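Numbering (this note's numbering), first residue to last: 1 to 88.
In structure tokens form, the structure reads like this:
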């Protein structure tokens, strides 16, 4: 079972302009929080989990249970770095 849930922030992330740098690497984000941070829809984040043609292409997912995906802040950062390197 995953480590105990630790909220990323005291309140839900209200906008994609939230200070991503201040979040703890081990904090767990919801799909909606990742979407807000990246400025995309939650449906886009969901589609990144598994793309049947390309395989998994989004940040690594930690499944809390069958229906509860979470994203570690460190994994989202690592994924963003990979995207930036690929774009160069």
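Where a beta carbon is used, it is the ideal one built from N, C-alpha and C, also for glycine.
Owing to the predicted nature of the structure, the values given are computational and were not obtained by experimental measurement.
Problem set entry | Min CB distance residue 50 to chain D below 8 Å | Here there is only one protein chain, and chain D is not present.
Exercise. From which residue to which residue does the beta strand (DSSP E) around residue 34 run?
Worked result: For the purposes of this step, residue 34 is identified with residue 34 of the chain shown, where counting begins at 1. Per DSSP, residue 34 belongs to no beta strand (DSSP E); it is in the alpha helix (DSSP H), 31 to 38.
Problem set entry | For residue 84, the three-state DSSP class (helix, strand or coil) | The sequence position of residue 84 within the chain shown is 84, counting from 1. In the structure shown, residue 84 sits in a helix (DSSP, three-state: H, G or I).
Problem set entry | Bounding residues of the beta strand (DSSP E) (the contiguous stretch that carries residue 61) | By 1-based counting over the chain shown, the position of residue 61 is 61. Looking at the DSSP string, residue 61 is not in any beta strand (DSSP E), and its letter there is neither H nor E.
Exercise. In whole angstroms, what separates the C-alpha of residue 49 from that of residue 57?
Worked result: Here residue 49 is taken as the residue at index 49 of the chain shown, counted from 1. Here residue 57 is taken as the residue at index 57 of the chain shown, counted from 1. The alpha-carbon atoms of residue 49 and residue 57 are separated by roughly 6 Å.
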